[in-house]
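Input: a single structure, listed below in structure tokens.
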Amino acid sequence: MKPGFFFAVLCVGLFFVACSTAPKTPPQSLVVRNEAGRLVLLGAKTLREGQPAAAREYYAEAYRLYTLVDEPEGRIRALDGLGRVPGVDFDPWQKAQEIALDSGDEALVALASLLIAERYLFSEDTVLLEKAQTVLSHAIVKLGGRQNDKARALRLYGSSLKPMQRYGEAIEAIKTAIDIDKKNRSFIELASDYYVMASIYSKQGDYPAAITYLTSAIEYDRRSENGSGLGSDYLALGTVYEKAGNLEKARVNYQKALDIFTAGRFSDKIEDVKRKINAIK
């Protein structure tokens, strides 16, 4: 994913006495914040490339820098990344909740709540899925002025509705996310929207629609050079073709996924795809 950043300008100290000839304090601009933002993007990039250890270092340094300048939104975004990599000795997503609450900013509380909702989605427990939907419904409203984050909330909301077979509502949520991400030219996020939409149609047995949306996901992941996304797209496309009974096209797309995952050294994904290929030989 490409989260957007909204940074506050550093205030220059006020002096009791000043004169026109006195040396002026140079503006510090946003040097530290910009560097931290760059590191968050590098963390996301290396994570997509299958390098979680490197991603952890980038996210950890970004978190340190954002903490140094007391930037709560940046800290939350760095913690978002840290929660996706191994080797972190605390719960980053829980820490994000604490920082958001301490800020007193409703939008930041909503932003951090997406992480808890995402955690609920990992479960197949109906109660947790309903909790996720409640959290996300609230977040969608509070993030109205932050369109990229709102699209993310909508994508998660659509994903939460799918296992409960609320397909119509799920499709409408993802359509809204697609509209936002298209307008903002957020191509990686747009690919994710199409991927989720494909999974909804596949769940309903509408394989032609699923194939169409996965083809769009591939297009935007390719434009974004998102290797992990492309591998997942081709893996899903192979699965859809297999469900539809077209084993030859399933095999072709599984092989594409295998080639990409092998190039990216995604060892956990490689074995999964190999099993699928062997199962249809």
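Those letters in the sequence shown? Residues -22 to -1, 1 to 259, per mature numbering (1 follows the signal peptide of the UniProt record, and there is no 0), in order. For glycine and all other residues, C-beta sits at the position ideal for the given N, C-alpha and C.
Query                                                                                                                                                                                 : Result
Where do the N-terminal and C-terminal ends of the alpha helix (DSSP H) with I189 fall, by residue?                                                                                   : Y185 to R201
On a Cα-Cα basis, can you pick out the residue from Q125, K109, G65 and R53 that is closest to S90?                                                                                   : The sequence shown places Ala at residue 90, rather than the Ser named in the question. It is R53 whose Cα lies nearest to the Cα of A90.
Please report the residue range of the alpha helix (DSSP H) in which D211 lies.                                                                                                       : G205 to K221
So, using beta-carbon positions, are L213 and V251 closer together than 8 Å?                                                                                                          : yes
Would K140 and I178 be called neighbours here (beta carbons separated by less than 8 Å)?                                                                                              : yes
By the DSSP assignment, the alpha helix (DSSP H) with L167 in it spans what residues?                                                                                                 : Here residue 167 turns out to be Glu, not Leu, going by the sequence shown. E167 -> alpha helix (DSSP H) spans F165 to K181.
Tell me whether the stretch 102 to 116 and the stretch 61 to 69 touch, counting them as touching only if at least three CB pairs, one residue from each stretch, are closer than 8 Å. : no
Rounded to a whole number of angstroms, what is the C-alpha to C-alpha distance between L121 and T154?                                                                                : 14 Å
Mind checking which residues open and close the alpha helix (DSSP H) that includes I238?                                                                                              : L225 to A241
State buried or exposed for D159, treating a residue as buried only when at least 16 other CB atoms are found within 10 Å of its CB.                                                  : buried
Do G59 and G28 have their C-beta atoms closer together than 8 Å?                                                                                                                      : no
Measure the alpha-carbon distance for K227 versus K234 and round it to whole angstroms.                                                                                               : 11 Å
With a CB to CB cut of under 7 Å and the five nearest residues on each side skipped, what residues in its chain are close to V113?                                                    : S91, I94 and A95
Going straight from the alpha carbon of N126 to that of K259, what length do you get?                                                                                                 : 43 Å
In this structure, does DSSP put Q75 in helix, strand or coil?                                                                                                                        : helix
Nearest-angstrom Cα distance between E150 and A14?                                                                                                                                    : 35 Å
To test your reading of the DSSP string, which unbroken alpha helix (DSSP H) runs of 4 or more residues are found completely within the stretch 113 to 170?                           : 125 to 139 and 145 to 161
By DSSP, does Q29 sit in helix, in strand, or in coil?                                                                                                                                : coil
Let me know the secondary structure DSSP gives L57 once reduced to three states.                                                                                                      : helix
Roughly how many angstroms lie between the CA atoms of R97 and S81, to the nearest whole one?                                                                                         : 22 Å
Can you grab the Cα-Cα spacing for the pair I118 / L79, in whole Å?                                                                                                                   : 17 Å
Looking only at its own chain, which residues have a Cβ that is under 6 Å from the Cβ of Y198, when we skip the five neighbours before and after it?                                  : F165, L168 and A169
If I measure Cβ to Cβ from A33 and keep anything under 7 Å in the same chain, skipping five residues before and after, which residues do I get?                                       : G21, T24, L25, G59 and V63
So Y232 and I255 are in contact, right, with Cβ under 8 Å, and what is the actual spacing, rounded?                                                                                   : 5 Å
According to DSSP, is F244 helix, strand or coil?                                                                                                                                     : coil
Measure the Cβ-Cβ separation of L46 and V10 and say whether it is below 8 Å.                                                                                                          : yes
Just the Cα atoms here: how many angstroms apart are L19 and L215?                                                                                                                    : 28 Å
To which residues of the same chain is A40 closer than 6 Å at the C-beta, ignoring the five residues directly before and after it?                                                    : A14, L17, V18 and A56
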